[in-house]
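*Asks:*
There are 2 protein chains.
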Amino acid sequence: MVQRISLAHGEGGELTHQLIQNVFIKSFGHPEHAQLDSAIVTCPTQTIAVSTDSYVVKPIFFPGGNIGKLAITGTVNDLAVSGAIPQVITAAFIIEEGFQLNELKKVVESMAAEAEIAKVKIIAGDTKVVEKGSVDRLFINTTGIGEIRQEHRINPGAIQKGDCVIVSGTVGDHGIAILSARHEHGLFTDVESDCASLNHLIQELLEEIDGIRIMRDPTRGGLATTLVELCEDFHFTVELDEVSIPVRRDVQGACDILGFDPLFLANEGKVVMIVDSKNAHKVLAKMKGNVLGENATIIGHIASSDEQTGKLLLKTAMGTSRRLHRLAGMLLPRIC
Amino acid sequence: MVQRISLAHGEGGELTHQLIQNVFIKSFGHPEHAQLDSAIVTCPTQTIAVSTDSYVVKPIFFPGGNIGKLAITGTVNDLAVSGAIPQVITAAFIIEEGFQLNELKKVVESMAAEAEIAKVKIIAGDTKVVEKGSVDRLFINTTGIGEIRQEHRINPGAIQKGDCVIVSGTVGDHGIAILSARHEHGLFTDVESDCASLNHLIQELLEEIDGIRIMRDPTRGGLATTLVELCEDFHFTVELDEVSIPVRRDVQGACDILGFDPLFLANEGKVVMIVDSKNAHKVLAKMKGNVLGENATIIGHIASSDEQTGKLLLKTAMGTSRRLHRLAGMLLPRIC
């Protein structure tokens, strides 16, 4: 018989207790999870980075991952790109009544496996169950805490004309994988989500190479929206070289059919960095030595800094230049 | 015209940016919220308490509060009862497409107001929007971080026979307020939720009085489930004195009609403590001096410690004694 989650699993009583013991503690293995109030942890430093994200991806299982893996990689990457070393993560589940217990176990096991890879501890949790129809299957929130090492502080203030923009690999994979898994727009592809924890790669780069000014993970809104935000927040103008931006052929093909631009599609295992031009090739070489960065490319440069309103320009294959803006109304909900 | 949240508000593009600026930053007022990746904070200590909870309460507005206020008080209290001084909180919103913007503003303003009362900073956030029908209106996750002061460490290891069990006020208010607001079971009452931040009261107690062994906030599952967990986890037996447990007349009346036991109903502004008998009256007096503890009562004592399997016993009004177990299958979903 298929075992299913019932409302009583979320009432804080006997069944909640069993669920915590048999599913969460079994996979996460930390006694702190048993303590429903708080986990006590000692951080290596007093200065920490904190990041929170709710994951509502649809479908919850997709080529290359599932909502559980994504909930770990997403929060790990948010911490890593802010220059922090991810340490601990909390996980809160909102489950629809009737959800299959074995699917929950699969998601939880993926989280435990990815936490192992990223070397973060899942220290505290929460489980809510809501009536059938009040949530679409399963949503997960993860909140992560990372150590900030003084020597790893990134320095956006040093950004200057000529600095290079580097992306760690192909763009748009996650977006197309999810659309494809939903069979939306009649799309069928073999594209897998790139979701992966980038913290080890980023930490190595920060430890070994100087001149990394700032990093971001181009998730919702894609590479273009991420860069527009950076340009506006830090008052510089980026010129991207369209032909150099790595895009998988099948991702580009799907985009051509659907009328999407891969620059606006979500990535879940990519980092974009602005790097001092002197060190850009060192960063590139280091990235290429890691499977998560093997398609790393210099895709543009800082065209000017100290602007009042920074902007993102795209030099097209035809040699013309146009300005890119934030994603506006592409209507790709629940991509992460 | 009623402004509503659209899917595009959750895409990470222009409308997300506007929502963050005009709703979240306007109320929370911290520039860190603008940074979608991580907030950087410096904690007063390296040892911290971390707590996470998702709030799915239905209805989202209820007498005495709303989902936003509850999302702050709930996480503040989880930190406070573990002996921590709440410092910072993250807030992640999952919003149903079509949700009214002014309702969101009202919730966010309540969060900001309660954070002000509790003296915690809301430092980072996340917003997801899902299609109509994929979530019931609005769910919020909050994750809090608190400072652990060495001198405030509670000490469950010292629990011994004769220690007193103190509850800070009437039990079952929140549970009945929510059921009443849902008009479930044809119930109409004037009961308001007790949801309130207890951190200042608790901090004063910890600073001024010795002998506080352990604390909990009796939320989901109520006072009884909370005490059963304590008895099992720390191997002692509690005897509660039924007649001394404070219950509002209208809460007791509603329970009598519905066949509920107030000991199993959720509270959101109450703390239960186990205190050295020498100091119990000091704790009681201090609590009674605070509006949040004015109905504080000694409701029982540790009947024995060092048990293999601790249990919760209830001495009834008739002088008999019966064992209470965890809440099992009362089916009161979405109480918090």
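Here the protein sequences line up with chains A and B, keeping their order.
Just so you know, we're using this note's numbering here: the first sequence kicks off at 104 and counts up by one.
Just so you know, we're using this note's numbering here: the second sequence kicks off at 104 and counts up by one.
Note that the Cβ used here is the ideal one computed from N, Cα and C, for glycine as well.
Is any beta-carbon of chain B found at less than 8 Å from that of glycine 228(A)?
*Replies:* Position 125 of the first sequence holds residue 228(A). Chain B, which has a Cβ nearer than 8 Å to the Cβ of glycine 228(A), makes this yes.
*Asks:* If you measure from the beta carbon of leucine 361(A) to each beta carbon in chain C, is any gap under 8 Å?
*Replies:* The chain labelled as chain C is not found among the protein chains of the depicted structure, namely A and B.
*Asks:* At a Cβ cut of 9 Å, what residues of the segment 267–284 of chain A count as close to chain B, listed as they run along the chain?
*Replies:* Hits within the stretch: zero.
*Asks:* Do valine 374(A) and valine 294(A) count as a contact pair if the criterion is CB distance below 8 Å?
*Replies:* For the purposes of this step, residue 294(A) is identified with residue 191 of the first sequence, where counting begins at 1. For the purposes of this step, residue 374(A) is identified with residue 271 of the first sequence, where counting begins at 1. The answer is no: Cβ separation not under 8 Å.
*Asks:* For chain B, is any of its Cβ atoms less than 8 Å away from the one on glutamate 117(A)?
*Replies:* One-based indexing of the first sequence puts residue 117(A) at position 14. Closer than 8 Å: yes.
*Asks:* Going along chain A, which residues have a C-beta under 7 Å from glutamate 234(B)?
*Replies:* The residue you call residue 234(B) lines up with position 131 of the second sequence. Result: Pro436.
*Asks:* Could you tell me which chain A residues have their CB closer than 7 Å to the CB of lysine 231(B), listed as they occur along the chain?
*Replies:* Looking up residue 231(B) in the second sequence gives position 128. In chain order: Ser157, Val159.
*Asks:* From Val346(B), Ser347(B), Asp364(B), Ile269(B), pick the residue whose C-alpha is nearest to that of arginine 319(B); which is it?
*Replies:* Walking along the second sequence from the start, residue 319(B) turns up at place 216. Answer by Cα proximity: Ile269(B).
*Asks:* Should isoleucine 251(A) be flagged as near chain B, meaning a C-beta pair shorter than 8 Å?
*Replies:* For the purposes of this step, residue 251(A) is taken as the residue at position 148 of the first sequence. Chain B contact via Cβ: present.
*Asks:* Among Val191(B), Leu366(B), Gly392(B), which residue has its Cα nearest to the Cα of histidine 428(B)?
*Replies:* As a working mapping, residue 428(B) is identified with position 325 in the second sequence. Ranking Val191(B), Leu366(B), Gly392(B) by Cα distance to histidine 428(B) puts Leu366(B) first.
*Asks:* What residue does the beta strand (DSSP E) around cysteine 267(A) start on, and which one ends it?
*Replies:* Along the first sequence, one-based indexing puts residue 267(A) at 164. Its beta strand (DSSP E) spans residues 267–270.
*Asks:* Rank Met390(B), Gly260(B), Lys161(B) by C-alpha distance to the C-alpha of alanine 287(B) and give the top, closest one.
*Replies:* By one-based count along the second sequence, residue 287(B) stands at place 184. A quick correction: the sequence has glutamate, not alanine, at residue 287(B). Nearest option by C-alpha distance: Lys161(B).
*Asks:* Taking the alpha carbon of histidine 414(A) as the point to measure from, which residue in Ala194(A), Asn302(A), Leu343(A) has its own alpha carbon closest?
*Replies:* For the purposes of this step, residue 414(A) is identified with residue 311 of the first sequence, where counting begins at 1. Histidine is not the amino acid found at residue 414(A); the sequence shown has lysine there. Comparing Cα-Cα distances from lysine 414(A) to each of Ala194(A), Asn302(A), Leu343(A), the minimum goes to Leu343(A).
*Asks:* Pick helix, strand or coil for glutamine 124(A), following the three-state DSSP scheme.
*Replies:* Indexing the first sequence from 1 puts residue 124(A) at position 21. The answer is helix: DSSP assigns glutamine 124(A) an H, G or I state.
*Asks:* Would you list the residues sitting across from serine 141(A) in a DSSP beta bridge?
*Replies:* What you label residue 141(A) is simply residue 38 of the first sequence in a count that begins at 1. Paired residues: none, contrary to the question.
*Asks:* Could you check how far apart the C-beta atoms of isoleucine 401(B) and leucine 387(B) are, in whole angstroms? I think they sit under 8 Å.
*Replies:* Numbered from its first residue, the second sequence carries residue 401(B) at position 298. Numbered from its first residue, the second sequence carries residue 387(B) at position 284. Contact holds; Cβ gap of about 6 Å.
*Asks:* From the DSSP output, read off the bridge partner residues of proline 189(A).
*Replies:* By one-based count along the first sequence, residue 189(A) stands at place 86. Gly249(A), per the DSSP bridge assignment.
*Asks:* Do leucine 182(B) and tyrosine 158(B) have their CB atoms nearer than 8 Å?
*Replies:* Along the second sequence, read from residue 1 onward, the residue named residue 182(B) stands at position 79. Along the second sequence, read from residue 1 onward, the residue named residue 158(B) stands at position 55. Against a cut-off of 8 Å, the Cβ pair of tyrosine 158(B) and leucine 182(B) comes out as no contact.
*Asks:* Please state whether DSSP places methionine 104(A) in a helix, a strand or coil.
*Replies:* For the purposes of this step, residue 104(A) is taken as the residue at position 1 of the first sequence. If DSSP states are grouped into helix, strand and coil, methionine 104(A) belongs with coil.
*Asks:* Using the three-state DSSP reduction, which class does alanine 299(B) fall into: helix, strand or coil?
*Replies:* Your numbering for residue 299(B) matches position 196 in the second sequence. It is coil, neither helix nor strand.
*Asks:* Helix, strand or coil, according to DSSP, for glycine 132(A) in the structure here?
*Replies:* Taking the first sequence and counting its residues from 1, one reaches residue 132(A) at position 29. Coil, per DSSP.
*Asks:* Within 10 angstroms of its Cβ, does aspartate 336(A) collect 16 or more other Cβ (buried), or is it exposed?
*Replies:* Taking the first sequence and counting its residues from 1, one reaches residue 336(A) at position 233. Exposed.
*Asks:* By the criterion of Cβ-Cβ separation under 8 Å, what are the contact partners of glutamine 149(B) in chain A?
*Replies:* As a first step, residue 149(B) must be located in the second sequence, where it is residue number 46. In chain order: Thr145, Cys146, Pro147, Thr148, Gln149.
*Asks:* Could you work out which residues of chain A lie near aspartate 297(B), taking near to mean beta carbons separated by less than 8 Å?
*Replies:* Sequence index remark: in the second sequence, residue 297(B) carries index 194 (1-based). Neighbours of aspartate 297(B) on chain A: none; closest Cβ ~17 Å, over 8 Å.
*Asks:* Going by C-alpha to C-alpha distance, which of Lys391(A), Thr176(A), Val233(A) sits closest to cysteine 298(A)?
*Replies:* For the purposes of this step, residue 298(A) is taken as the residue at position 195 of the first sequence. Considering only alpha carbons, the answer is Thr176(A).
*Asks:* Can you list, in chain order, the residues of the segment 420–431 of chain B whose Cβ is nearer than 9 Å to any Cβ on chain A?
*Replies:* Listed in sequence order: His428, Arg429, Leu430, Ala431.
*Asks:* Identify whether glutamate 254(A) lies in helix, strand or coil by the three-state DSSP scheme.
*Replies:* Here residue 254(A) refers to the residue found at position 151 when the first sequence is read from its first residue. Of the three classes helix, strand and coil, the one that applies to glutamate 254(A) here is helix, per DSSP.
*Asks:* Whose C-alpha, out of Glu254(A), Lys235(A), Thr230(A), is nearest the C-alpha of asparagine 79(A)?
*Replies:* Only positions 104 to 439 of chain A appear in the structure, and residue 79(A) is not among them; the question remains open.
*Asks:* Whose Cβ in chain B lies nearer than 9 Å to the Cβ of isoleucine 197(A)?
*Replies:* Counting from one through the first sequence, the residue named residue 197(A) turns up at place 94. Result: Ser157, Val159, Ile197, Val238, Phe242, Asn244.
*Asks:* Please state whether DSSP places valine 223(B) in a helix, a strand or coil.
*Replies:* Position 120 of the second sequence, counting from 1, holds the residue named residue 223(B). In this structure, valine 223(B) counts as coil in the three-state DSSP scheme.
*Asks:* Examine chain B for any beta-carbon lying closer than 8 Å to the beta-carbon of valine 153(A), and answer yes or no.
*Replies:* Residue mapping note: residue 153(A) aligns to position 50 of the first sequence, counting from 1. It does; some Cβ of chain B falls within 8 Å.
*Asks:* Do we get a CB-CB distance below 8 Å when we pair leucine 304(A) with the residues of chain B?
*Replies:* Position 201 of the first sequence holds residue 304(A). No, its Cβ sits nowhere closer than 8 Å to a Cβ of chain B.
*Asks:* For chain B, check one thing: does any of its Cβ atoms lie closer than 8 Å to the Cβ of threonine 292(A)?
*Replies:* Translated into the one-based positions of the first sequence, residue 292(A) becomes position 189. Judged by the 8 Å Cβ criterion, threonine 292(A) is not in contact with chain B.
*Asks:* So, with DSSP's three-state summary, where would you put alanine 284(A)?
*Replies:* Along the first sequence, read from residue 1 onward, the residue named residue 284(A) stands at position 181. Here alanine 284(A) sits in helix by DSSP.
*Asks:* Please list, in chain order, the residues of the segment 169–192 of chain A that have any C-beta partner in chain B closer than 8 Å.
*Replies:* Per Cβ criterion, the list reads Asp181, Leu182, Val184, Ser185, Ala187, Val191.
*Asks:* With DSSP run on the structure shown, which of helix, strand or coil describes asparagine 169(B)?
*Replies:* Start at 1 with the first residue of the second sequence, and residue 169(B) comes out as number 66. Strand.
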